Structure formats: C-alpha cells, structure tokens
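A short write-up of the structure that comes next.
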Amino acid sequence: MESYAVTSSTRTERRRLEAAGFDPAQVEALLQMIGDTQEALATKQDVAAVQGALTQDIADLRTELKQDIAEVRADLGDLATTVANNTARIDALERAMEALRQEVRDRFESFRQEIAGQMGGLRGEMRGEMDGLRGEMDGLRGEMEGLRGEMRAIKWMIGGILAMMAPMAGGFIALALR
Numbered sequence: 002m003e004s005y006a007v008t009s010s011t012r013t014e015r016r017r018l019e020a021a022g023f024d025p026a027q028v029e030a031l032l033q034m035i036g037d038t039q040e041a042l043a044t045k046q047d048v049a050a051v052q053g054a055l056t057q058d059i060a061d062l063r064t065e066l067k068q069d070i071a072e073v074r075a076d077l078g079d080l081a082t083t084v085a086n087n088t089a090r091i092d093a094l095e096r097a098m099e100a101l102r103q104e105v106r107d108r109f110e111s112f113r114q115e116i117a118g119q120m121g122g123l124r125g126e127m128r129g130e131m132d133g134l135r136g137e138m139d140g141l142r143g144e145m146e147g148l149r150g151e152m153r154a155i156k157w158m159i160g161g162i163l164a165m166m167a168p169m170a171g172g173f174i175a176l177a178l179r
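Okay, structure coming up:
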C-alpha cells in the first residue's frame with residue numbers, strides 16, 4: 002500500500018465529523034472528496050522516479066553540451082588555421098603585386114629612354130603616344146590600388162568574423178560552465 006502525504010482513518014474521521022454536527026450525507030461527501038484528492042497526490046516513489054529521470058536527463062544534457070563545446074572548439078581551431086592560411090596568401094599576393102608594379106615601372110622607364118634616344122626628331126608624335134600610355138598606366142595603377150583595397154577589406158572581414166565568433170564561443174563556454 003502506498004503512503005500519501007495526506008492520510009485519513011475513515012472511521013475516526015467519520016465520528017469526528019458527526020460529533021462536529023455534520024449529518025451522515027455531508028460526512029460521506031466530505032470523506033469521498035478527501036479520498037478523491039488523495040488519489041491525485043504523488044507518492045514518495047513517484048517523486049523519486051521523477052527525480053531519477055530528471056537527474057539522468059541532466060547528465061545526458063551535460064554530456065551532449067560537452068560534445069558540442071568540443072566540436073565548436075575544433076571548428077574554431079580550423080577557422081584559425083584557415084584565417085592564417087588566407088592571411089599568408091594575401092601577403093604573398095601583395096608582394097607579387099608590388100613586384101609587378103616595379104616591373105611595370107622598370108619597363109616603362111626603359112621604354113621611355115629607348116624612345117627618347119631613337120626618336121628625338123619625332124617628339125611631337127611620340128608625346129601623344131606617351132600620354133596615351135601614361136593614361137593606361139594610371140588606369141593600371143588605379144586597378145592595382147583597387148585590388149589592394151579589396152584585399153584589405155577581405156582582411157577586415159575575416160577579422161570581423163573572428164571578432165564575432167569569439168563572443169559566441171565565450172557564450173557557449175559560459176553556458177557549458179553553468
């Protein structure tokens with residue numbers, strides 16, 4: 002027999018109620034109501050079973066959370082490696098672009114000197130050509146500067162992504178430590 006938080010001895014309670022002035026029908030209705038209420042009460046075994054299930058659920062959730070944290074840490078490590086690799090590639094591209102700029106400058110200077118030495122008499126005609134080449138060179142420089150700006154923007158975007166990921170990772174870690 003299960004023990005409830007509220008128990009009653011029907012005979013004793015019946016006598017007490019009748020002694021207090023309740024008629025038998027009232028006594029019967031009141032005792033029936035108390036009995037119905039007792040059926041809905043949780044037993045000590047019910048509480049222990051729920052407590053055990055909750056304890057197991059909490060343990061399972063902790064295990065899952067630890068696994069999730071480990072996965073996030075691994076992903077952050079992969080992301081850091083990717084960012085480092087991309088930074089190295091961007092640096093290499095900047096060096097290659099600088100070398101190309103210098104090569105263009107060197108070629109241009111060489112070409113200018115050759116023309117000046119061989120075409121002294123045709124300076125008027127050549128000035129028009131030179132102006133055209135200078136415009137193209139300026140266009141190339143503008144494009145190269147644009148590429149440099151884009152590369153800087155990429156660096157900032159990657160840095161921004163890392164900066165946004167750090168608080169999220171901190172949040173996950175804080176949640177895990179609660």
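The letter at position 156 of the sequence shown is residue 157 when you use the numbering used here, and the numbering goes up by one with no holes. Glycine residues also receive a C-beta, built at the ideal position from the N, C-alpha and C atoms. Note that the structure is a prediction, hence the values are computed from the model and not measured.
- Inter-residue distance for Ala177 and Asp61 is about 13 Å (C-alpha atoms, whole angstroms).
- Taking one beta carbon from each stretch, the region 91 to 109 and the region 138 to 155 have 3 or more pairs nearer than 8 Å; the two touch.
- Annotation for Asp79: the continuous alpha helix (DSSP H) segment containing it runs Lys45 to Gln119.
- DSSP, reduced to helix, strand and coil, places Ala177 within a helical segment of the structure shown.
- Here DSSP, grouped into helix, strand and coil, assigns Asp24 to coil.
- When the Cα atoms are used, Met166 and Val73 turn out to be separated by approximately 10 Å.
- Glu130 and Ala100 have their C-alpha atoms roughly 25 Å apart.
- Ile159 is a Cβ neighbour of Val84, given a cutoff of 9 Å.
- Looking at the backbone, the Cα of Gly150 and that of Glu144 are separated by about 10 Å.
- Short of 8 Å from the beta carbon of Gln57, and not among the five residues preceding or following it, lies no beta carbon of its own chain.
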